[in-house]
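Below you'll find the structure, written out as structure tokens, and then a few comments.
Number of protein chains: 2
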Amino acid sequence: MATRTGRSQRRTEALSRERIVEAAVELLDTAGEGGLTFRALTERLATGHGAIYWHVANKGELLAAATDAVIAAALAVEPAGSAGSTGSADSTPQERVRAVASGLFDTIDEHPWVAAQLTASSLQVTTPRIFESVGRQVRALGVPEGSWFTAASVLVEYILGAAAQNAANARALGPDANRAEFLDAVSNAWEELDPDDYPFTRAVAEQLRAHDDREQFLAGIDLVLAGITALHPPRG
Amino acid sequence: MATRTGRSQRRTEALSRERIVEAAVELLDTAGEGGLTFRALTERLATGHGAIYWHVANKGELLAAATDAVIAAALAVEPAGSAGSTGSADSTPQERVRAVASGLFDTIDEHPWVAAQLTASSLQVTTPRIFESVGRQVRALGVPEGSWFTAASVLVEYILGAAAQNAANARALGPDANRAEFLDAVSNAWEELDPDDYPFTRAVAEQLRAHDDREQFLAGIDLVLAGITALHPPRG
DNA sequence: TTCCATTATGGAGCGCCGTTCCAGTCCTGG
DNA sequence: CCAGGACTGGAACGGCGCTCCATAATGGAA
Numbered sequence: 142m143a144t145r146t147g148r149s150q151r152r153t154e155a156l157s158r159e160r161i162v163e164a165a166v167e168l169l170d171t172a173g174e175g176g177l178t179f180r181a182l183t184e185r186l187a188t189g190h191g192a193i194y195w196h197v198a199n200k201g202e203l204l205a206a207a208t209d210a211v212i213a214a215a216l217a218v219e220p221a222g223s224a225g226s227t228g229s230a231d232s233t234p235q236e237r238v239r240a241v242a243s244g245l246f247d248t249i250d251e252h253p254w255v256a257a258q259l260t261a262s263s264l265q266v267t268t269p270r271i272f273e274s275v276g277r278q279v280r281a282l283g284v285p286e287g288s289w290f291t292a293a294s295v296l297v298e299y300i301l302g303a304a305a306q307n308a309a310n311a312r313a314l315g316p317d318a319n320r321a322e323f324l325d326a327v328s329n330a331w332e333e334l335d336p337d338d339y340p341f342t343r344a345v346a347e348q349l350r351a352h353d354d355r356e357q358f359l360a361g362i363d364l365v366l367a368g369i370t371a372l373h374p375p376r377g
Numbered sequence: 142m143a144t145r146t147g148r149s150q151r152r153t154e155a156l157s158r159e160r161i162v163e164a165a166v167e168l169l170d171t172a173g174e175g176g177l178t179f180r181a182l183t184e185r186l187a188t189g190h191g192a193i194y195w196h197v198a199n200k201g202e203l204l205a206a207a208t209d210a211v212i213a214a215a216l217a218v219e220p221a222g223s224a225g226s227t228g229s230a231d232s233t234p235q236e237r238v239r240a241v242a243s244g245l246f247d248t249i250d251e252h253p254w255v256a257a258q259l260t261a262s263s264l265q266v267t268t269p270r271i272f273e274s275v276g277r278q279v280r281a282l283g284v285p286e287g288s289w290f291t292a293a294s295v296l297v298e299y300i301l302g303a304a305a306q307n308a309a310n311a312r313a314l315g316p317d318a319n320r321a322e323f324l325d326a327v328s329n330a331w332e333e334l335d336p337d338d339y340p341f342t343r344a345v346a347e348q349l350r351a352h353d354d355r356e357q358f359l360a361g362i363d364l365v366l367a368g369i370t371a372l373h374p375p376r377g
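Residue numbers (our numbering), protein chains in the order written: chain C, 142 to 377; chain L, 142 to 377.
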């Protein structure tokens with residue numbers, strides 16, 4: 142299966158699965174999810190369809206590979222330590238959860254197409270990476286083993302859900318346009334909703350206008366962490 | 142713009158935006174996200190493309206309308222009350238959050254395509270409905286007004302994130318196949334991961350195999366609620 | 001060195017998609 | 001009764017993912 146061990150390049154510059162995935166990520170970043178096309182890829186790599194299909198089975202596999210590459214890079218930034226569990230260093234588990242979550246949030250903010258892909262293939266290849274990074278900190282928090290799966294799942298689901306929605310907003314806006322204007326428009330729309338049907342939404346319209354996405358996201362992380370601590374006190 | 146007030150039907154049975162959306166939902170349910178095609182819709186409604194495009198601008202608008210219809214139905218099941226805030230009745234705010242969340246979870250489980258659509262158009266038309274339903278209970282929980290937006294956002298983001306991931310698993314599985322077999326296969330895959338790289342994931346593989354999606358989801362809701370209560374004690 | 005199976009390439013083309021265009025039909029108000 | 005707006009449906013366009021296949025480059029065997 143496409144071993145290619147140590148083979149030197151052929152013609153111009155050997156086409157490899159790596160180069161294809163790299164080009165795919167660039168295309169997705171610059172042109173959005175709809176921008177990844179085998180035709181565009183063909184042009185960018187100066188080759189034909191068939192050559193690409195030799196390395197990659199189909200578009201789905203290419204998307205999965207691109208997602209995995211981006212997420213792996215995001216999680217590699219962490220110190221990660223060796224096989225160690227607690228990570229000895231000078232940070233609390235809470236801080237380390239925030240760090241992992243922040244990294245994922247920023248990465249998905251930079252590559253909005255990742256969000257759709259991640260939620261579309263949940264228990265597949267990429268998710269264990271995320272699950273493991275988050276789960277180690279859950280364990281370090283002192284959660285009893287019987288609740289590990291639940292606590293880690295909630296964290297991962299919240300992280301991916303919040304990041305996905307944030308990315309969707311960024312995507313709906315376009316890469317350049319003015320975020321403040323967009324928030325202002327949505328906030329105004331909320332304020333003009335029917336007062337009988339939407340009292341709460343109208344009441345928080347102002348908070349929507351003023352909020353900061355990242356801050357909001359980290360506040361959510363803290364809230365989930367507080368829930369974990371409340372249900373599983375550190376020294377039970 | 143397409144008033145059609147009280148017009149009696151024309152030929153066979155007047156084509157209406159309502160009938161189109163209804164057919165679209167049925168197609169999405171039976172054939173998946175890829176099953177919604179203007180050609181399939183044409184055939185099912187015994188008409189031509191142009192007729193559909195007269196009522197609906199494009200596929201995106203049709204998807205949004207279908208999503209809105211399904212979500213509106215899901216939230217309408219709630220007692221909803223009048224404009225009232227607390228909902229007087231015999232249930233606690235926590236129980237009412239669980240009820241709203243359950244309804245959304247079940248609906249997204251029944252119509253998996255809704256998840257992708259919801260996260261793809263976050264601050265658009267449909268979301269305020271959900272936000273309002275959840276937000277009213279947040280208010281009833283006694284959360285201080287300055288934290289309403291944060292608390293409601295976290296709940297909505299978790300609900301949509303978790304439901305989306307659950308729906309993705311259901312979709313990856315196909316409508317018929319065996320859930321237990323699928324979980325077993327993933328669990329086995331997790332157990333065969335590298336012990337050095339994935340100690341936590343391996344440790345919870347057994348919990349993954351045994352878990353119940355709905356129970357897991359509600360445990361997450363409880364965890365988030367516990368976090369809200371911890372950070373905003375009922376009587377501050 | 002010669003030869004050939006393997007590995008790798010890229011172009012032609014198929015079927016399907018969303019969407020546009022437009023000629024035509026139906027219905028209603030004047 | 002007829003003009004004109006409301007509505008229909010078929011033809012056609014460009015672009016998509018993907019398959020097929022003739023061919024070129026390659027490295028090991030002879």
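The beta carbon of each residue, even a glycine, is placed where N, CA and C say it ideally should be.
Remember, it's a predicted structure, so these values are computed and weren't measured experimentally.
Chain C residues whose Cβ lies nearer than 8 Å to that of residue i
{"i": "E298(L)", "result": "Y299, G302, A303, Q306 and G361"}
{"i": "S262(L)", "result": "A309 and A313"}
{"i": "L372(L)", "result": "D363, L364 and A367"}
{"i": "A257(L)", "result": "A257, T260 and A261"}
{"i": "V218(L)", "result": "Going along chain C, no residue has its Cβ under 8 Å from V218(L), so there is no contact; the nearest lies around 16 Å."}
Straight-line gap, residue i to residue j (C-alpha atoms, nearest Å)
{"i": "I193(C)", "j": "L359(L)", "result": "44 Å"}
{"i": "G191(L)", "j": "R312(C)", "result": "30 Å"}
{"i": "G244(C)", "j": "R158(L)", "result": "44 Å"}
{"i": "K200(L)", "j": "T178(L)", "result": "9 Å"}
{"i": "V365(C)", "j": "L364(L)", "result": "7 Å"}
{"i": "G329(L)", "j": "D335(L)", "result": "The identity of residue 329(L) in the sequence shown is Asn, whereas the question assumes Gly. Rounded to whole angstroms, N329(L) to D335(L) spans 13 Å at the Cα level."}
{"i": "R185(L)", "j": "A164(L)", "result": "8 Å"}
{"i": "R277(L)", "j": "Q357(L)", "result": "24 Å"}
{"i": "G222(L)", "j": "D338(C)", "result": "Confidence at G222(L) is low in this model, with a pLDDT of 45, below 50, so the placement of that residue is unreliable and no value is reported for it."}
{"i": "P374(C)", "j": "I300(L)", "result": "25 Å"}
{"i": "S274(C)", "j": "V241(C)", "result": "7 Å"}
{"i": "A214(C)", "j": "A293(C)", "result": "21 Å"}
{"i": "Q323(L)", "j": "A318(C)", "result": "Reading the sequence as shown, one finds Phe at residue 323(L) and not Gln. Answer to the nearest angstrom: the Cα atoms are 43 Å apart."}
{"i": "R355(C)", "j": "R180(L)", "result": "43 Å"}
{"i": "P285(L)", "j": "P234(C)", "result": "28 Å"}
{"i": "V218(C)", "j": "T268(C)", "result": "17 Å"}
{"i": "E333(C)", "j": "A326(C)", "result": "11 Å"}
{"i": "G182(C)", "j": "S288(L)", "result": "Note that residue 182(C) is Leu in the sequence shown, not Gly. Approximately 46 Å, taken between the alpha carbons."}
{"i": "Q258(L)", "j": "L216(L)", "result": "17 Å"}
{"i": "V166(C)", "j": "G361(L)", "result": "33 Å"}
{"i": "D353(C)", "j": "A346(L)", "result": "37 Å"}
Three-way DSSP call (helix, strand, coil) for residue i in this model
{"i": "D338(L)", "result": "coil"}
{"i": "G189(L)", "result": "coil"}
{"i": "S328(L)", "result": "helix"}
{"i": "L156(L)", "result": "coil"}
{"i": "V238(C)", "result": "helix"}
{"i": "V218(C)", "result": "coil"}
{"i": "D353(L)", "result": "coil"}
{"i": "Q265(C)", "result": "coil"}
{"i": "V284(L)", "result": "coil"}
{"i": "G361(C)", "result": "helix"}
{"i": "L177(L)", "result": "coil"}
{"i": "S298(C)", "result": "For clarity, residue 298(C) is Glu in the given sequence; the question names Ser instead. If DSSP states are grouped into helix, strand and coil, E298(C) belongs with the helices."}
Burial state of residue i (16 or more Cβ within 10 Å)
{"i": "G302(L)", "result": "buried"}
{"i": "T171(C)", "result": "exposed"}
{"i": "R320(L)", "result": "exposed"}
{"i": "G368(C)", "result": "buried"}
{"i": "W254(L)", "result": "buried"}
{"i": "R239(L)", "result": "buried"}
{"i": "G378(L)", "result": "Since the displayed chain L opens at 142 and closes at 377, residue 378(L) lies outside it and no answer follows."}
{"i": "R237(L)", "result": "buried"}
{"i": "W331(C)", "result": "buried"}
{"i": "R280(C)", "result": "buried"}
Under 7 Å from the C-beta of residue i: neighbouring residues of chain C
{"i": "P269(L)", "result": "W331, L334, Y339 and T342"}
{"i": "H352(L)", "result": "F290"}
{"i": "L349(L)", "result": "F290"}
{"i": "Q357(L)", "result": "T291 and S294"}
Chain-ordered chain L contacts of residue i [CB-CB under 7 Å]
{"i": "E273(C)", "result": "Y339, F341 and T342"}
{"i": "R280(C)", "result": "F341"}
Contacts that residue i makes with chain L (C-beta to C-beta distance below 9 Å)
{"i": "I369(C)", "result": "L364, A367 and G368"}
{"i": "V238(C)", "result": "In chain order: nothing, as chain L lies at least about 13 Å away."}
{"i": "V241(C)", "result": "The contacting residues do not exist; V241(C) stays about 12 Å from chain L at best."}
Neighbouring residues, chain L, relative to residue i (Cβ below 8 Å)
{"i": "G201(C)", "result": "Simply none; closest approach about 11 Å."}
{"i": "R277(C)", "result": "P340 and F341"}
{"i": "V211(C)", "result": "Ordered by position in chain L, no residue passes the 8 Å Cβ test against V211(C), which lies about 18 Å from the chain."}
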